[in-house]
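Only one structure is covered here, and it is reproduced in the block below.
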Amino acid sequence: MSNSKLIVLDVGGSIVAPDKPDTRFLSSFLGFIRNWLREDSARKIIMTVGGGGAARSWQEAAKTLDPQVPPDSLDWVGVIATRLNAELVRAILGPFCPDPVVTDPSADFGFTGRVLLAAGWKPGFSTDYDAVVLAERFSCRRIYMLSNIAQIHDLDPLYNPESIPLNRITWDEYLAMTQKTWTPGANIPFDPVAARRASDIGLSVAAVAGHDLHNLQALLDGKEHVGTLISP
């Protein structure tokens, strides 16, 4: 299936539910989504939603209770958190999103509405990977990644105040600066497993701050904006 007016939004759980659902942000963001869809009846959205604070808090609880808990078990905890967040978004979008949340992007599923929600699939990667699989399946060449950072930096700005924000970067450059493997609950811009898959299939990712809806509008309109484009 190909639709030039279909976009894939990879929404970080850190902005949906940093410690609990951010109702103020969700109200503004989902209002933005409704308005964007109403502007053109041909527009459709696939939206993956991350686990956010719930995923990390519950994973930390599991590690406290059992320091030897297997990584796959931790990943499953995170997967369930993503599904909870996705169900919340689906409930609020109501008639725009009549189909069930997709939890296996490789399976058969319906896309009868304007928005299709997707959440965690299985251990070994994050919802970034699900977004890549769905983008490939629906012939979308770009993913719009919304997170709590405005741009990807050459170093982690949390620990390196002198880090430099990047406007453009290749997948090879991104993979050289990020961790090589996925770890449950990893707090990184884009999952390395997803990054390698995106690189292999020639996909690009436009990363922007999800809270800045004016900037997101500029990005979707093809206008000047603040963000980072990762491409082959």
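Residue numbers (this note's numbering): 4 to 235. Every residue gets a Cβ at the ideal spot worked out from N, C-alpha and C, and that includes glycine. A quick note: this is a predicted structure, and the numbers were derived from the prediction, not measured.
In the structure shown, T186 falls within a coil segment according to DSSP collapsed to helix, strand and coil.
The beta carbon of A121 sits closer than 8 Å to those of I49, M50, T51, V52, A89, V104, V105, T106, P108, T130, D133, A134, L137, all from its chain and outside the five residues before and after it, given in chain order.
In this structure, the straight-line span from the alpha carbon of E176 to that of L232 is close to 12 Å.
Rounded to the nearest angstrom, the Cβ distance from L77 to P195 is 17 Å, too far for a contact under 8 Å. Rounded to whole angstroms, the separation of the alpha carbons of A212 and N218 is 8 Å. Cβ contact annotation for F114 (same chain, cutoff 7 Å, sequence separation greater than five): D102, in chain order. For V118, the uninterrupted beta strand (DSSP E) segment begins and ends at 118 to 121. The three-state reading of DSSP puts R41 in helix, counting H, G and I together.
Scanning its chain for C-beta atoms nearer than 7 Å, with the 5 sequence neighbours on each side dropped, one finds around A201 the residues V135, W174, V208, in chain order. L232 sits in a strand when the DSSP states are folded into three classes. DSSP places T173 within a strand segment (E or B) once states are collapsed to three. Bridge partners of S207 according to DSSP: R145. Per the Cβ contact rule, the region 59 to 68 is not in contact with the region 25 to 38 (fewer than 3 Cβ pairs under 8 Å). The criterion of a C-beta distance shorter than 8 Å is not satisfied by I146 and P192. Listed in chain order, the non-local C-beta contacts of R171 below 6 Å within the same chain comprise L232, local neighbours out to five positions each way being set aside.
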